[in-house]
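Just below is one structure, and these are the notes that go with it.
In this note's numbering, the protein residues as written are 73 to 503.
Printed below as a string of structure tokens:
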């Protein structure tokens, strides 16, 4: 969608730091190591598969479990574990169990992300990395160069194009010749009773990813019929403002005739959203507020946070937890079992890990008993399935564009409710 990393884009969050990725490219170009085409190299004809034995497949993950702002994706690891545990309970993949090593914490730091990728491959000798969920992916070039199948949240440019990297809901970062996911604009149009005559303000962090997000979302909202009254990547990305008045004043005067816009869309992480939304409400704003991040019952424990997010429409790229589909029922049962039989609050990070693992397992199953990187890639080329928690999936389409599905939920009186049901929308050309 394109966010929540729709820089995606996020869609949910577009916190992808292009600068960090450029740094990663520079670092990795001199340190990929080895000739991946030599006989015996994993993935080469006649080569043995690293991390694959007669009865097991070794898999690891990379997740931002700790960050300077306190924002954490740690439950991504639980979600992945839940899906792998069920696969093992059902007999594994073509007779092999999944040996999931858990996720390395990159601390949202490019250097640690690359170090985690190196450790998983060179020390732990994993066959695949799934999940990979962070706002930075400095290890992307290394993993792709080492032919390591990697599945994660496609909110970063690295998931769009490289041969061995896959977004569990596709590529959420529009690329030249690609498409834009219209879930967010079309969903908000539904909330507002149509986009015609409606204005929207878009705000993101002041970094390359935020600027790219403003470009993509501006195009998407205009295509849906909105007037984009404000679109700025103006908020310091490394230092959260203590005073939001400068931003709110500008936003609230940006609509037609100097009035407030009909909707304010934030492409930022939770701590920033809490500050911005609180300031908007204190200023008397009565329009629609939306973001791709804050679908997490755990956020409701604090009164101030609950009040800041009350009424906010959150973009999802998967079926809402409130859905009663068989797939959602299975997800909830798997999470509960992985959590030791406890009913834990569900959040989007669990879904990220779960569906990253699910896509890896689905492709690996199609690859057959003779699992190598080569057979995995052959299985991915032409892979498709339907009716999943992220909609219909297809590869290699997903390495160029998103699967185009999503929903909007709204926090009301301390509970989330479905505002716009899960639906797949036709994409538009990105240009």
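In this text, a Cβ means the ideal position worked out from N, Cα and C, and glycines have one as well.
- Restricting attention to beta strand (DSSP E) runs no shorter than 3 residues, the region 123-155 encloses them at 128-135, ordered along the chain.
- Going by C-alpha positions, residue 471 is about 30 angstroms away from residue 482.
- Secondary structure of residue 192 (DSSP, three-state): helix.
- Looking at the backbone, the Cα of residue 215 and that of residue 332 are separated by about 46 angstroms.
- Around residue 211, the same chain offers 185, 186 and 189 as residues with beta carbons nearer than 6 angstroms, after the five sequence neighbours per side are excluded.
- Residue 387 and residue 473 have their C-alpha atoms spaced approximately 18 angstroms apart.
- Residue state for residue 171 is assigned as strand, using DSSP reduced to three classes.
- With respect to residue 364, residue 417 sits apart: the two C-beta atoms are not nearer than 8 angstroms.
- As a beta-bridge residue in DSSP terms, residue 201 pairs with 132 and 222.
- Across the set 431, 463, 246 and 160, the C-alpha of 246 shows the shortest separation from the C-alpha of residue 500.
- Taken in chain order, the whole beta strand (DSSP E) runs of length 3 or more contained in the region 361-418 are 385-388.
- The Cβ atoms of residue 272 and residue 335 sit closer than 8 angstroms to each other.
- Residue 257 is not a Cβ neighbour of residue 284, given a cutoff of 8 angstroms.
- Annotation: the region 244-323 contains the following complete segments of the alpha helix (DSSP H) (minimum length 4 residues), in chain order: 255-263 and 280-295.
- Each residue's CA atom was taken as its position, placing residue 236 and residue 168 some 21 angstroms apart.
- Taking a cut-off of 8 angstroms for Cβ pairs, the region 130-137 and the region 381-395 do not touch, as fewer than three such pairs fall below it.
- In the same chain as residue 491, and ignoring 5 residues on each side of it, the C-beta atoms closer than 7 angstroms to its own belong to 263, 385, 480, 481 and 482, in chain order.
- Taking the Cα positions, residue 337 is about 11 angstroms away from residue 359.
- For residue 238, the enclosing beta strand (DSSP E) covers residues 237-239.
- With fewer than 16 other CB atoms across the displayed protein chains lying within 10 angstroms of its CB, residue 142 is exposed.
- In this model, residue 374 and residue 485 are separated by some 13 angstroms (Cα to Cα).
- In the three-state DSSP reduction, residue 483 falls in the strand class (E or B).
- Only residues of its own chain outside the window of five on either side were considered, and among them 435, 438 and 439 have a CB closer than 7 angstroms to the CB of residue 451, listed in chain order.
- By the 16-neighbour rule on beta-carbons within 10 angstroms, residue 203 is buried.
- DSSP, reduced to helix, strand and coil, places residue 212 within a helical segment of the structure shown.
- Going by DSSP, residue 338 is part of the beta strand (DSSP E) stretching over 335-339.
- The distance from the Cβ of residue 426 to that of residue 254 is about 25 angstroms, inconsistent with a contact at the 8 angstroms cut-off.
- A check of alpha carbon separations from residue 428 across 173, 171, 224 and 165 identifies 224 as the nearest.
- For residue 428, the three-state secondary structure derived from DSSP is helix.
- The three-state reading of DSSP puts residue 330 in helix, counting H, G and I together.
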